[in-house]
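Residue numbers (mature numbering (1 follows the signal peptide of the UniProt record, and there is no 0)): -20 to -1, 1 to 402.
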Amino acid sequence: MKRVAGILTVAIGLAAPVFAIPNTVFGPIVQADSPLNGTDLTEPVLAALAGDGELPGQWVAEGRVGSAEISHLLARPEVFGREVVILRAVRREGVLERVEATFADAGSFFGYFEDDLPKGLGREEAKQVAMDRLKARQDEFTEIFEESLDEVRKSISLLADREEPKERRIGKGRMLRAEVEEWKKGDLVIRLFSADQRLVRAEISTEELASDSWMDRAFKEENDRERQARLSRSVVKEDGVVRLAGMEPIPQGYRPYCGLNTLAMAARHFGLHLDEDWLAAAGGFQNTGSAAGSNMVKLYSAVAAEAGLSMDRSPKFDELAVRRALEEGRPVIVWRRFSWERNRLHDEVAKQGADLPDPLSVEEKATWPGEDAPLHASVLTGFDPKKREVFFLESWGGKDEPRRMTFDEMAATTYLCFVFDD
């Protein structure tokens, strides 16, 4: 257990140059020169949900949960009197079901911790400077968090039919459960999520569609057999090659979230409306720009349980267990030793459709990342038994298509393997 606990401080923020990770969500939103920036969209959002379903602006597709399509607005308007960090919409077959407005998010605020300290400092002096800088950032976010929560709460109270909210719970398991404040305005339900010093978010939907579950409403009443059948239908087999259809990256941006975003990718596949921001809050992420102090292993098990599954965690890559899970429609997450040299090779192989190097070659094995390499999380989405290759997705923008790695390299570089099981 000590071995597992030790990796929590390093594994699941990508140990890689920050500049190498494309900021494909928050970057374009911040940079967007939209006429909706700073515009109050409270009434248009409420009207769209109550009636016509039309939202202004340019919306960018993010992914799907079942038949529900998730997108975000390429602008930063105001909702409930406060500028949003990101505004998301959930539609099903073109019909607007829900709008989520995030006002404070520690992940996007802190990003990666960067220790670009002045040169010439002694060890203790450098440590103190880093601590002082972090404390200043934490104080700044505390102010943003508290102001956002207070202003949004007051604004919703003034709009709602009754000023005082009701308390609601969302989710089954304790770790993922959200305690929310709920107001009604006509046929609409407005819920306010607040995770202490991490996240402030409002969710608006019709009363009919307001749910107490993270599970998509189309799957909420499934029994075990029906869930197994649904996941099996996501499997595409051709000439012995197994692939999971519909798996899409959720870009992590400049955040130490590869372990969270890969988990969110799997959660969406299972039918859960869980994103990396709420997972970070549930997993105990601290406002430090790293994954240090979080409880990622427990979080993985909590997501599995929320989906009606169990979790098998192993320090070894069990090829048979991985194959069986993928053949039955369940993605596998690996925490693996990572190098940018191997990453570039896998990129080139994917672009050219080339063969991977012989994994039995001594020269090839010498290029694999070793025990001291940084750790990174990836999602396995299929395999080719003839070529003995496994397909994997990253939590990076621009990596929409799975890449390939030999089973031998994956087994040799895996630190922890998470297999979801029925």
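Note that CB positions come from ideal geometry on N, CA and C, so glycine has one too.
Bear in mind that the values here come from a model prediction, so they are computed numbers and not experimental data.
query: Nonlocal neighbours in the same chain, by C-beta distance under 6 angstroms from T19, ignoring five residues either side; result: P57
query: Coil, strand or helix - T122 by DSSP; result: helix
query: Spatial neighbours of F374 in its chain, beta-carbon cut-off 7 angstroms, leaving aside the 5 residues before and after; result: Looking at the sequence itself, residue 374 is Glu, so the reference to Phe does not match. So the list reads P229 and S358, once near-sequence residues are dropped.
query: Which listed residue (G91, M111, R310 and E49) has its alpha carbon closest to that of R223; result: R310
query: W163 - partner residues in DSSP beta bridges; result: I170
query: E80 versus R113, S137 and T186, residue with shortest Cα-Cα distance; result: T186
query: Cβ shell of A198 (< 6 angstroms), same chain only, five flanking positions each side left out; result: G46
query: Cβ distance (whole Å) where N267 is taken to contact F121 below 8 angstroms; result: 6 angstroms
query: Start-to-end residues for the alpha helix (DSSP H) that takes in residue 404; result: Any property of residue 404 remains undetermined from this structure, which presents the chain solely from -20 to 402.
query: Between the CA atoms of G151 and L168 - distance to the nearest angstrom; result: 20 angstroms
query: CB contact flag (E202, G264, <9 angstroms); result: no
query: Contact the stretch 207 to 224 vs the stretch 305 to 321: 3+ CB pairs below 8 angstroms; result: yes
query: Coarse secondary structure for D402, derived from DSSP in three states; result: coil
query: C-beta atoms of R148 and V132 nearer than 9 angstroms; result: no
query: Top-ranked residue by Cα proximity to V370, from P354, V65, D335 and K200; result: D335
query: Classification of G85 by the beta-carbon crowding that lies within 10 angstroms, buried from 16 upward; result: In the sequence as presented, Gly is not what sits at residue 85; that position holds Asp. By the neighbour-count rule (16 or more Cβ atoms within 10 Å), D85 is buried.
query: CB-CB length for I184 against T242, believed under 8 angstroms; result: The Cβ separation is near 29 angstroms, so there is no contact.
query: Contact under 9 angstroms by Cβ, L189 with R78; result: yes
query: Cross-strand partners of G43 (DSSP beta bridge); result: I50
query: Collapsed DSSP secondary structure at S294 in the structure displayed; result: strand
query: Q11 burial status per 10 Å Cβ neighbour count (16 or more: buried); result: exposed
query: Reference F400, options E321, L279 and M385, closest by Cα; result: L279
query: Whole-Å CB distance - R384 paired with A301, under 8 angstroms assumed; result: That belief does not hold up - the Cβ atoms of R384 and A301 are roughly 20 angstroms apart, past 8 angstroms.
query: Burial state of G233 (16 or more Cβ within 10 Å); result: buried
query: Inter-residue spacing [alpha-carbon to alpha-carbon] between E162 and K146; result: 5 angstroms
query: Cβ shell of T393 (< 7 angstroms), same chain only, five flanking positions each side left out; result: R316, R317, W348 and P349
query: Cross-strand partners of H253 (DSSP beta bridge); result: Answer is none; H253 lacks a bridge partner.
query: DSSP-derived helix/strand/coil call for W258; result: helix
query: Contact under 9 angstroms by Cβ, K164 with D141; result: yes
query: Inter-residue Cα distance where the pair is S319 and L29; result: 47 angstroms
query: Cβ-Cβ separation, P231 to W39 (assumed contact under 8 angstroms), whole Å; result: Actually they do not touch by this definition, with Cβ atoms about 16 angstroms apart.
query: Minimum C-alpha distance to F60 - residue among E144, L129 and D112; result: L129
query: For G33 and S14, believed in contact at Cβ under 8 angstroms, the rounded distance; result: About 21 angstroms; that fails the 8 angstroms criterion.
query: Euclidean distance between Cα positions of S135 and M111; result: 36 angstroms
query: Exposure label - P8; buried when at least 16 CB within 10 Å; result: exposed
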